[in-house]
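In what follows, a structure is listed as structure tokens, so that the remarks can point back to it.
Protein chains: 2
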Amino acid sequence: MLEFAILGLLQEAPMHGYELRKELTAKLGAIRAAISYGSLYPTLRRLQAAGWITEAAETPATAEEVPALTSRRGRVVYTITAEGKERFAQLIAQAGPETYDDTGFGVHFAFFARTDQATRLRILEGRRRKIEERREGLRDVLGRAAERLDAYTLELQRHGLDACEREVRWLEELIANERSGRAPTVPQPGTAGGRREEDSPPPPGESRKERP
Amino acid sequence: MLEFAILGLLQEAPMHGYELRKELTAKLGAIRAAISYGSLYPTLRRLQAAGWITEAAETPATAEEVPALTSRRGRVVYTITAEGKERFAQLIAQAGPETYDDTGFGVHFAFFARTDQATRLRILEGRRRKIEERREGLRDVLGRAAERLDAYTLELQRHGLDACEREVRWLEELIANERSGRAPTVPQPGTAGGRREEDSPPPPGESRKERP
DNA sequence: GCCGCGATGTATCGGACCGATACATCGCAC
DNA sequence: GTGCGATGTATCGGTCCGATACATCGCGGC
Chain A
1 MLEFAILGLL
11 QEAPMHGYEL
21 RKELTAKLGA
31 IRAAISYGSL
41 YPTLRRLQAA
51 GWITEAAETP
61 ATAEEVPALT
71 SRRGRVVYTI
81 TAEGKERFAQ
91 LIAQAGPETY
101 DDTGFGVHFA
111 FFARTDQATR
121 LRILEGRRRK
131 IEERREGLRD
141 VLGRAAERLD
151 AYTLELQRHG
161 LDACEREVRW
171 LEELIANERS
181 GRAPTVPQPG
191 TAGGRREEDS
201 PPPPGESRKE
211 RP
Chain B
1 MLEFAILGLL
11 QEAPMHGYEL
21 RKELTAKLGA
31 IRAAISYGSL
41 YPTLRRLQAA
51 GWITEAAETP
61 ATAEEVPALT
71 SRRGRVVYTI
81 TAEGKERFAQ
91 LIAQAGPETY
101 DDTGFGVHFA
111 FFARTDQATR
121 LRILEGRRRK
131 IEERREGLRD
141 VLGRAAERLD
151 AYTLELQRHG
161 LDACEREVRW
171 LEELIANERS
181 GRAPTVPQPG
191 TAGGRREEDS
201 PPPPGESRKE
211 RP
């Protein structure tokens, strides 16, 4: 998951760790609290070892001025490689069942602007199915096992059920939108030619179809 | 978290691993998919080593009938000890900031029937504060950094913001309800006078001192 | 002048939890 | 009589978190 998010973010610009964490937190704020350095740095090292990103100590722009007086630990800037972009594309293409759990879905969704329409649709439908299953499970418990559970547990289930129903509706809208809207499929990694606009996705969701 | 949930569940009845997982999944279905055996069994071992639960191989009721013909691996039934109950009470009393994240809150909430009212209130308010902070963060991003993000990411934030607002409202209701005396449930009065027989709520400091 | 303090910045360590996997038994439908 | 899904116990590698440590920088207050 983190690997995917990092590769996705670094395609927008090279960054150092701290910055990466901030951007990650901003982009994924809706689904995760904040990425821990305890996972970020080891993952960066792993990605570098795999050749998907390169690491470069920041050169002090004021060149010879500041030599090695205090052995300043410079910021380390990470840049994605061609292999890294390839890897990212591969991860998108693979997008399987693990992509449908809460975190996995959220992270993939956050990078839908870099995902082709067919895959977007596949992920949205997979997620919907998963949530529908969870919804049925909750309905079962609320129906059949209600008397075995205390009132607080039941209230928790009700709240969860409500969230499920709401998310299914949200997904329905997104799916309908994706299908009808003619998907100006965004910058495809690999297809070198053409526009390098990083955000020109189709307008998703939106739709204020509230009861008037 | 798992430790807490196991100690809580085993106070209702002794169980073996498989059963424990099923009950756990039913009780926490709203917040977690399913507990993995890869965490369940090691945790059981840890709890046993700490003396909070005891492990007993199930005795084949049909005693001498089935000796050691196939070296039948019997089911292992776990029972909570007095120290275990103490530990559970202690975990409730400690309930700090880690209790306010998604999973931690959910698990604690699921055992509110075994939690005294003051602690319930503290947890609900801590959770509310936390969600309010997340909400403000999302509003910030949607307000200030909106043009930096693509339409999908924005839609994700909007959906997250909506969920936050909804949860805050839910918590408000629960808190008001908790303060105004009795009744765990929020919207439905439903369950009238029924007394639960299996969950005897005799937690550390329940009963009187209610503020009508 | 200098002192604390919060933001920036890199990094490690132990532990919690997951997903895949393995293996064995039981009852039942085909 | 055989396959197959539910029941049942268990391990292993890997991901990620929370706590912690340490260093620099700019700023306001004393």
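So the protein lines, in turn, are chains A and B. Okay, so the first sequence: first residue is 1 according to UniProt numbering, each after it adds one. Okay, so the second sequence: first residue is 1 according to UniProt numbering, each after it adds one. Each residue gets a CB set at the ideal place from its N, CA and C atoms; glycine is no exception. No experiment lies behind these values; they were computed from the predicted model shown.
- Message: Checking 8 Å against the spacing of the C-beta atoms, do residue 54(A) and residue 81(A) come in under that value?
- Response: By the CB criterion at 8 Å, residue 54(A) and residue 81(A) fall inside the cutoff.
- Message: Given this structure, state the Cα-to-Cα distance separating residue 146(A) from residue 45(B), to the nearest angstrom.
- Response: The C-alpha of residue 146(A) lies about 31 Å from the C-alpha of residue 45(B).
**Asked** How is residue 18(A) classed by DSSP in three states: helix, strand or coil?
**Response** Under the three-state reduction of DSSP output, residue 18(A) falls in the helix class.
Fill in: Contact list for residue 157(B) against chain A, beta-carbon separation under 8 Å
Counting only Cβ-Cβ distances below 8 Å, residue 157(B) has contacts in chain A at 29 and 30, in chain order.
* Asked: Roughly how many whole angstroms lie between the Cα atoms of residue 6(B) and residue 20(B)?
  -> Approximately 8 Å between the Cα atoms of the pair.
**Prompt:** Which residues bound the beta strand (DSSP E) around residue 55(A)?
**Reply:** Element bounds for residue 55(A): 53-57.
Checklist entry - Helix or strand or just coil, what does DSSP make of residue 115(B)? => result Of the three classes helix, strand and coil, the one that applies to residue 115(B) here is coil, per DSSP.
Unbroken stretches of the beta strand (DSSP E), 3 residues or longer, contained in the region 96-142 of chain A = Qualifying beta strand (DSSP E) stretches: none in this window.
For a contact meaning CB atoms closer than 8 Å, what does residue 141(B) contact in chain A? At a beta-carbon threshold of 8 Å, the residues of chain A lying near residue 141(B) are 26 and 29, ordered along the chain.
Proximity of residue 25(B) and residue 13(B) at Cβ, strictly below 8 Å: Contact flag unset, no.
Which residues of the region 74-105 of chain A have a Cβ closer than 8 Å to any Cβ of chain B? Give them in chain order. The residues in question are 101.
Q: Would you kindly check if the distance between the Cβ of residue 83(B) and the Cβ of residue 52(B) is under 8 Å?
A: For the pair residue 52(B) and residue 83(B), the CB atoms are nearer than the 8 Å cut-off.
Between residue 124(B) and chain A, is any beta-carbon pair separated by less than 8 Å? By this cut-off, residue 124(B) is not an interface position.
Practice problem: Count the other CB atoms, across all protein chains shown, that sit within 10 Å of the CB of residue 37(A); report buried if there are 16 or more and exposed otherwise. | Solution: The residue in question, residue 37(A), is exposed, as its Cβ has fewer than 16 Cβ neighbours within 10 Å.
DSSP state of residue 35(B) mapped onto helix, strand, coil:
If DSSP states are grouped into helix, strand and coil, residue 35(B) belongs with coil.
### Task
With DSSP collapsed to three states, give me the class of residue 7(A).
The three-state reading of DSSP puts residue 7(A) in helix, counting H, G and I together.
Cβ shell of residue 110(A) (< 7 Å), same chain only, five flanking positions each side left out | The answer, listed in chain order, is 27 and 28.
- request: Kindly indicate which three-state DSSP category residue 81(A) falls into: helix, strand or coil?
  value: The answer is coil: DSSP assigns residue 81(A) none of H, G, I, E or B.
Nearest-angstrom Cβ-Cβ length linking residue 15(B) and residue 78(B), presumed shorter than 8 Å: Taking a contact as a CB-CB distance under 8 Å, the pair residue 15(B) and residue 78(B) counts as one, their CB atoms being some 6 Å apart.
Taking DSSP's pairing of strands, which residues face residue 76(A) in a bridge?
Under DSSP, residue 76(A) shares a beta bridge with 57(A).
**Asked** How about residue 160(B) and residue 1(B): do their beta carbons lie closer than 8 Å?
**Response** Contact flag unset, no.
Discussion item. Using 8 Å for Cβ pairs, my map puts residue 135(A) next to residue 164(A). What's the rounded Cβ distance?
Written reply: Right, the Cβ-Cβ distance comes to about 4 Å (below 8 Å), so this counts as a contact.
ask   = Among the residues of its own chain, which have a CB less than 8 Å from the CB of residue 71(B), if the five just before and after it don't count?
value = Residue placement at residue 71(B) is poorly supported in this model, since its pLDDT is 48, which falls under 50; the coordinates still yield a value, given next. Scanning its chain for C-beta atoms nearer than 8 Å, with the 5 sequence neighbours on each side dropped, one finds no residue around residue 71(B).
By the criterion of Cβ-Cβ separation under 7 Å, what are the contact partners of residue 109(A) in chain B? Under the 7 Å cutoff, chain B gives 152 and 156.
- With 16 as the cutoff for other CB atoms within 10 Å, does residue 127(B) come out buried or exposed? Residue 127(B) counts as buried, since at least 16 other C-beta atoms from the protein chains shown sit within 10 angstroms of its C-beta.
| By Cβ distance below 6 Å, which residues in the same chain neighbour residue 9(A) in space, the five residues on each side in sequence not counted? | Within the same chain, and ignoring the five residues on either side of residue 9(A) in sequence, the residues whose Cβ sits closer than 6 Å to its Cβ are 23.
Exercise. Whose C-alpha, out of 32(B), 30(B) and 3(B), is nearest the C-alpha of residue 41(B)?
Worked result: Taking only the C-alpha atoms, the option nearest residue 41(B) is 3(B).
Contact list for residue 112(B) against chain A, beta-carbon separation under 7 Å
Result: 152.
Proximity to residue 213(B) [Cα-Cα], best of 119(B), 76(B), 87(B) and 32(B): Lying before the first or after the last residue shown, residue 213(B) is absent from chain B, which here runs from 1 to 212.
Of all the options 150(B), 139(B), 132(B) and 112(B), which has the alpha carbon lying nearest to the alpha carbon of residue 112(A)?
That would be 150(B), whose Cα lies nearest to the Cα of residue 112(A).
Taking residue 167(A) as the reference, which of 162(B), 171(B) and 170(B) has the closest Cα? Ranking 162(B), 171(B) and 170(B) by Cα distance to residue 167(A) puts 162(B) first.
Exercise. Tell whether a beta-carbon distance below 8 Å holds between residue 142(B) and residue 154(B).
Key: Judged by their CB atoms, residue 142(B) and residue 154(B) are nearer to each other than the 8 Å cut-off.
Exercise. Smallest Cα separation from residue 17(A): which of 48(A), 50(A), 57(A) and 76(A)?
Worked result: The shortest Cα separation from residue 17(A) among 48(A), 50(A), 57(A) and 76(A) belongs to 76(A).
Anticipated Cβ contact below 8 Å, residue 124(B) with residue 86(B), distance rounded: Residue 86(B) and residue 124(B) do not touch by the CB rule: their CB atoms are close to 25 Å apart, not below 8 Å.
Alpha carbon to alpha carbon, what distance is there between residue 47(B) and residue 169(A)? Within the model, the alpha-carbon separation for residue 169(A) versus residue 47(B) is close to 42 Å.
Ignore the nearest five residues each way along the sequence and tell me which others in residue 246(B)'s own chain have a CB closer than 8 Å to its CB.
An answer regarding residue 246(B) cannot be provided, because it is not within the stretch 1 to 212 covered by chain B.
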